[in-house]
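In this note's numbering, the protein residues as written are 12 to 454. Note that the Cβ used here is the ideal one computed from N, Cα and C, for glycine as well. Bear in mind that the values here come from a model prediction, so they are computed numbers and not experimental data.
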């Protein structure tokens with residue numbers, strides 16, 4: 012959820028921050044972006060688990076609270092976060108930029124109101140909810156934090172592994188952070204930003220191949236450009252990628268458009284899972300939402316954002332994309348799973364009653380495609396785990412969302428144990444890590 016909030020964080024703090032940024036950055040304008048230890052065997056794994064401190068980190072620079080004890084029901088399971096995030100190093104793009112992009116490449120500007128990402132002289136977003144792991148909810152804010160306030164594990168692989176060990180997490184699938192989804196209208200600058208980020212994902216993955224699974228970001232404003240980058244990252248060895256779930260809201264084509272057919276074929280050819288991370292409901296003006304003083308408006312946006320991803324499932328199913336590409340696997344990210352049993356049933360009802368007059372192009376029940384090709388991640392979802400068989404026992408994957416505000420770090424095993432009170436061990440193993448390991452080749 013923080014990924015969507017991040018794009019609106021700067022206008023939420025206007026006008027005082029915008030005025031300060033204007034002085035510090037010159038032409039910067041408060042404008043939201045157009046969103047979008049290596050290896051371990053079983054002996055080493057057991058040794059690391061035995062040496063893990065109990066969770067209970069009290070803050071960014073706090074200490075371990077040993078009064079918190081891990082539930083014995085989750086003492087030995089291998090747990091893999093199928094959705095964690097990064098905040099790129101401040102100098103990632105500036106340190107590698109060719110001369111022509113030196114002044115336009117993404118960079119961090121520090122102000123009295125916090126750190127802000129600047130891309131091509133425009134404010135892309137602030138640091139806040141996307142760096143709140145370890146902080147109390149009372150301390151959360153959409154912006155106003157700095158890189159000094161965030162966990163170094165957000166960007167440094169050694170620190171990341173240390174935080175994973177503290178949390179008892181064996182591996183993480185790493186999704187985007189920073190300005191990589193704020194797509195520049197300049198194709199050349201856009202390619203530089205995307206390729207530099209994806210190269211960094213490769214570097215993170217190589218730092219710990221069995222524990223860090225960096226995913227590429229593929230822009231699909233220009234399908235030829237996106238397909239070229241997908242071919243490139245597939246050759247580099249990344250194990251998956253993510254795209255904007257609503258590209259037509261950023262100037263691209265809707266996912267149902269026939270122009271995507273070569274893209275879907277390429278996705279199937281690469282064998283890489285394609286992910287759709289939640290960004291918020293359609294037709295939402297983030298700036299207006301987060302500047303709105305009316306009570307409950309912000310909470311409403313945050314609460315309903317995960318469920319809005321159901322449109323992607325319906326599109327992939329009913330337009331025949333999944334039927335035409337049976338080897339294509341997709342992941343719905345940070346959307347939870349409790350709504351899936353109902354929605355799968357609703358799609359089946361729609362097919363049974365309306366396929367004749369709508370001239371449906373699919374020949375099997377929609378649930379067939381979901382169970383065969385769909386996956387979804389959750390952070391905390393007691394209702395979803397209780398309905399795990401209807402959601403799909405092999406379709407659902409736990410995640411920690413580190414270092415975002417919804418994260419269960421550093422008490423993830425405790426959070427999982429609360430879900431698994433009456434869940435058989437074999438099923439716990441699948442949800443906690445087995446399904447993610449199978450999808451991303453970590454077995």
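DSSP beta-bridge partners of residue i
| i | result |
| --- | --- |
| residue 388 | 408 |
| residue 253 | 228, 286 |
Contact belief for residue i with residue j at Cβ below 8 Å, rounded distance in angstroms
| i | j | result |
| --- | --- | --- |
| residue 170 | residue 164 | 4 Å |
| residue 339 | residue 409 | That pair is no contact at about 23 Å. |
| residue 344 | residue 288 | 4 Å |
| residue 94 | residue 388 | 4 Å |
| residue 446 | residue 390 | So it is not a contact: roughly 15 Å between Cβ atoms. |
| residue 297 | residue 291 | 7 Å |
| residue 132 | residue 413 | Contact flag wrong, Cβ pair sits at about 32 Å. |
| residue 207 | residue 107 | 6 Å |
Per-residue DSSP class, three states only, for residue i
| i | result |
| --- | --- |
| residue 451 | helix |
| residue 226 | coil |
| residue 128 | strand |
| residue 356 | helix |
| residue 193 | coil |
| residue 378 | helix |
| residue 341 | strand |
| residue 205 | helix |
| residue 242 | helix |
| residue 291 | coil |
| residue 171 | helix |
| residue 265 | coil |
| residue 350 | coil |
| residue 38 | With a pLDDT of 41 at residue 38, under the threshold of 50, the modelled position of that residue is not reliable, and no figure is offered here. |
| residue 100 | coil |
| residue 45 | Its pLDDT being 40, under 50, residue 45 is placed unreliably by the model, and the measurement read from it follows with that caveat. Coil. |
| residue 326 | helix |
| residue 363 | helix |
| residue 237 | helix |
| residue 309 | helix |
| residue 154 | coil |
| residue 114 | coil |
| residue 88 | coil |
| residue 436 | helix |
Where the alpha helix (DSSP H) through residue i begins and ends
| i | result |
| --- | --- |
| residue 122 | Where residue 122 is concerned, there is no enclosing alpha helix (DSSP H), although the beta strand (DSSP E) it sits in stretches over 118-122. |
| residue 232 | Run containing residue 232: none; DSSP gives neither H nor E here. |
| residue 316 | Careful: residue 316 lies outside any alpha helix (DSSP H) and carries neither H nor E. |
| residue 458 | Because residue 458 is not part of the residues shown, which for the chain are 12 to 454, the question remains open. |
| residue 413 | Careful: residue 413 lies outside any alpha helix (DSSP H) and carries neither H nor E. |
| residue 441 | Premise fails: residue 441 is in no alpha helix (DSSP H) and is neither H nor E. |
| residue 143 | Segment: none, residue 143 is in no alpha helix (DSSP H) and carries neither H nor E. |
| residue 281 | 272-281 |
| residue 302 | 297-302 |
| residue 108 | Unbroken run through residue 108: none, as it is neither H nor E. |
| residue 219 | Residue 219 -> no alpha helix (DSSP H), and no H or E assigned at all. |
| residue 334 | 332-335 |
Proximity below 9 Å, CB of residue i to CB of residue j
| i | j | result |
| --- | --- | --- |
| residue 143 | residue 386 | no |
| residue 230 | residue 250 | no |
| residue 136 | residue 99 | no |
| residue 324 | residue 362 | no |
| residue 175 | residue 222 | yes |
| residue 371 | residue 356 | no |
| residue 8 | residue 192 | Since the first residue shown for the chain is 12 and the last is 454, residue 8 is missing from the structure and cannot be characterised. |
| residue 404 | residue 429 | no |
| residue 129 | residue 443 | no |
| residue 263 | residue 232 | yes |
| residue 139 | residue 155 | yes |
| residue 310 | residue 257 | no |
| residue 348 | residue 426 | no |
| residue 183 | residue 411 | yes |
| residue 346 | residue 315 | no |
| residue 294 | residue 272 | no |
| residue 331 | residue 373 | yes |
| residue 104 | residue 204 | yes |
| residue 215 | residue 252 | no |
| residue 365 | residue 279 | no |
| residue 166 | residue 126 | no |
| residue 270 | residue 247 | no |
| residue 472 | residue 439 | In the structure as shown, the chain starts at 12 and stops at 454, and residue 472 therefore has no counterpart that could be examined. |
| residue 168 | residue 218 | yes |
Proximity test, residue i beta-carbon vs the ligand GDP heavy atom, cut-off 8 Å
| i | result |
| --- | --- |
| residue 451 | You won't find the ligand GDP in this model; it holds no ligand whatsoever. |
Start and end residues, beta strand (DSSP E) containing residue i
| i | result |
| --- | --- |
| residue 96 | 91-96 |
| residue 431 | No beta strand (DSSP E) contains residue 431, which DSSP labels as neither H nor E. |
| residue 166 | Counting along the chain, residue 166 falls outside any beta strand (DSSP E), and DSSP gives it neither H nor E. |
| residue 371 | Run containing residue 371: none; DSSP gives neither H nor E here. |
| residue 186 | 182-186 |
| residue 135 | 133-137 |
Contact with chain C by residue i, beta-carbon distance below 9 Å
| i | result |
| --- | --- |
| residue 104 | Included in the structure is just one protein chain, with no chain C present. |
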